[in-house]
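Asker: Before anything else, here's the structure in question.
In the numbering used here, the protein residues as written are 5 to 271.
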């Protein structure tokens, strides 16, 4: 598709290429510093260099949740807010931090690994090597896994339960699903309270498949955060669902070209 637009449409002016990628991205070089085994051989890929050599255009590569934060900043709940945090709760848990209107990348680009904040120092071992990581409680994968584990513990028939089914059972008031979701909300509330105490944001944005649990999730989460956060820091912060556009990832990736061209970031 890129070849068709860039090389085969000479009358169509392309200012640059923006890419939102899974994994940890070395922001300056566009190299994939860390990637899960879901994409074999992807770790170490010089993605920015490959794309620049192929298309001879400015290229920006960033983490997929960071580019979603750019969409949020321009079109979503983050519009007009200089300090906010995004949490993407899907198969894993990703994060993005915006301070003074700019994404925080850290020393080389890995800032925002919020899924690996520990919310239980004696919790289950995570793939990262830590214990009690938020991802072990708040990702869609962990919600479905813990539901199956509870069914085994209770001596109930083990079903092929997915996250949506857990949400449906929770909304219906089923006790087992309610216990799973209350544990999820407690872990998420603990993490968000810590983020509020650390960054003093004006907004926490929650996206990803877990956010589809709906307003019941957000109502309970807001209550949990109130119970765990200093009162003096609560007035300024809202917790809202993420922008729902189907193209939000692509929009955010493209927005990098304008965002960083305006800031004079070198290619």
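Glycine residues also receive a C-beta, built at the ideal position from the N, C-alpha and C atoms.
For residue 66, does the count of other Cβ atoms within 10 angstroms reach 16, so buried, or fall short, so exposed?
Answerer: Residue numbering aside, residue 66 sits at position 62 when the chain shown is read from its first letter. Residue 66 comes out buried.
Asker: So, is residue 31 buried or exposed, given that buried needs 16 or more other C-beta atoms within 10 angstroms?
Answerer: Position 27 of the chain shown, counted from the start, is the residue given in the question as residue 31. Classification for residue 31: buried.
Asker: Please go through the same chain and pick out, in chain order, the residues whose beta-carbon is closer than 6 Å to the beta-carbon of residue 97, but skip the five residues on each side of it.
Answerer: Residue numbering aside, residue 97 sits at position 93 when the chain shown is read from its first letter. Excluding positions up to five away in sequence, the list reads 119, 138, 139, 142 and 143.
Asker: To which residues does DSSP link residue 30 through a beta bridge?
Answerer: Locating residue 30 in the chain shown gives position 26, where the first residue counts as 1. DSSP output for residue 30 lists 35 as bridge partner(s).
Asker: Expressed to the nearest angstrom, what Euclidean distance is found between the alpha-carbon atoms of residue 85 and residue 128?
Answerer: The residue you call residue 85 lines up with position 81 of the chain shown. The residue you call residue 128 lines up with position 124 of the chain shown. Distance between the alpha carbons of residue 85 and residue 128: 36 Å.
Asker: Taking the beta carbon of residue 54 as the centre, do at least 16 other beta carbons fall within 10 Å, making it buried, or is it exposed?
Answerer: Taking the chain shown and counting its residues from 1, the one referred to as residue 54 is at position 50. Answer is exposed; the Cβ neighbour count stays below 16.
Asker: How should residue 40 be labelled, buried or exposed, when 16 other C-beta atoms within 10 angstroms of its C-beta is the threshold for buried?
Answerer: By 1-based counting over the chain shown, the position of residue 40 is 36. Flag for residue 40 reads exposed.
Asker: Residue 247: which of 229, 180, 210 and 217 sits nearest, CA to CA?
Answerer: Residue numbering aside, residue 247 sits at position 243 when the chain shown is read from its first letter. When only C-alpha atoms are compared, the closest one is 210.
Asker: For residue 43, count neighbouring Cβ atoms within 10 angstroms of its own Cβ and tell me buried if that reaches 16, exposed if not.
Answerer: As a first step, residue 43 must be located in the chain shown, where it is residue number 39. Under this definition residue 43 is an exposed residue.
Asker: Decide if residue 89 is buried, meaning its Cβ has at least 16 other Cβ atoms within 10 Å, or exposed.
Answerer: Locating residue 89 in the chain shown gives position 85, where the first residue counts as 1. The residue is buried, with at least 16 neighbouring Cβ atoms inside 10 Å.
Asker: Look at residue 229 and residue 196 and say whether their C-beta atoms are less than 7 Å apart.
Answerer: For this step, residue 229 is matched to residue 225 along the chain shown. For this step, residue 196 is matched to residue 192 along the chain shown. Yes, they are a contact pair.
Asker: Which residue wins for smallest C-alpha separation from residue 122, given the options 219, 132 and 106?
Answerer: In the chain shown, counting from the first residue as 1, residue 122 sits at position 118. Ranking 219, 132 and 106 by Cα distance to residue 122 puts 132 first.
Asker: I believe residue 34 touches residue 63 by the beta-carbon criterion, under 8 Å. Please report the beta-carbon distance rounded to the nearest angstrom.
Answerer: Numbered from its first residue, the chain shown carries residue 34 at position 30. Numbered from its first residue, the chain shown carries residue 63 at position 59. Between residue 63 and residue 34 the Cβ distance is about 7 Å, and since that is below 8 Å, they are a contact.
Asker: From the DSSP secondary-structure annotation, give me the bridge partner or partners of residue 92.
Answerer: Your numbering for residue 92 matches position 88 in the chain shown. Looking at the DSSP assignment, residue 92 forms a beta bridge with 98 and 211.
Asker: Among residues of its own chain, excluding the 5 on either side of residue 115, which ones have a beta-carbon nearer than 8 Å to its beta-carbon?
Answerer: Looking up residue 115 in the chain shown gives position 111. Excluding positions up to five away in sequence, the list reads 101, 108 and 109.
Asker: Return the residue from the list 237, 261, 147 and 18 that minimises the CA-CA distance to residue 174.
Answerer: Start at 1 with the first residue of the chain shown, and residue 174 comes out as number 170. Of the listed residues, the one whose Cα sits closest to residue 174 is 147.
Asker: Residue 68: which of 252, 106 and 262 sits nearest, CA to CA?
Answerer: On the chain shown, position 64 is the one that residue 68 refers to. Ranking 252, 106 and 262 by Cα distance to residue 68 puts 252 first.
Asker: From which residue to which residue does the alpha helix (DSSP H) around residue 24 run?
Answerer: In the chain shown, the residue the question calls residue 24 occupies position 20. Counting along the chain, residue 24 falls outside any alpha helix (DSSP H), though it belongs to the beta strand (DSSP E) covering 21-25.
Asker: With a CB to CB cut of under 8 Å and the five nearest residues on each side skipped, what residues in its chain are close to residue 170?
Answerer: Translated into the one-based positions of the chain shown, residue 170 becomes position 166. So the qualifying residues of the chain are 147, 148, 151, 181, 184 and 185.
Asker: Could you have a look at residue 117 and say whether DSSP puts it in helix, strand or coil?
Answerer: What you label residue 117 is simply residue 113 of the chain shown in a count that begins at 1. Of the three classes helix, strand and coil, the one that applies to residue 117 here is coil, per DSSP.
Asker: So, at 7 Å on beta carbons, what are the nonlocal neighbours of residue 260 in its own chain, with the 5 sequence-adjacent residues on each side left out?
Answerer: Here residue 260 is taken as the residue at index 256 of the chain shown, counted from 1. The answer, listed in chain order, is 22, 64, 66, 71 and 74.
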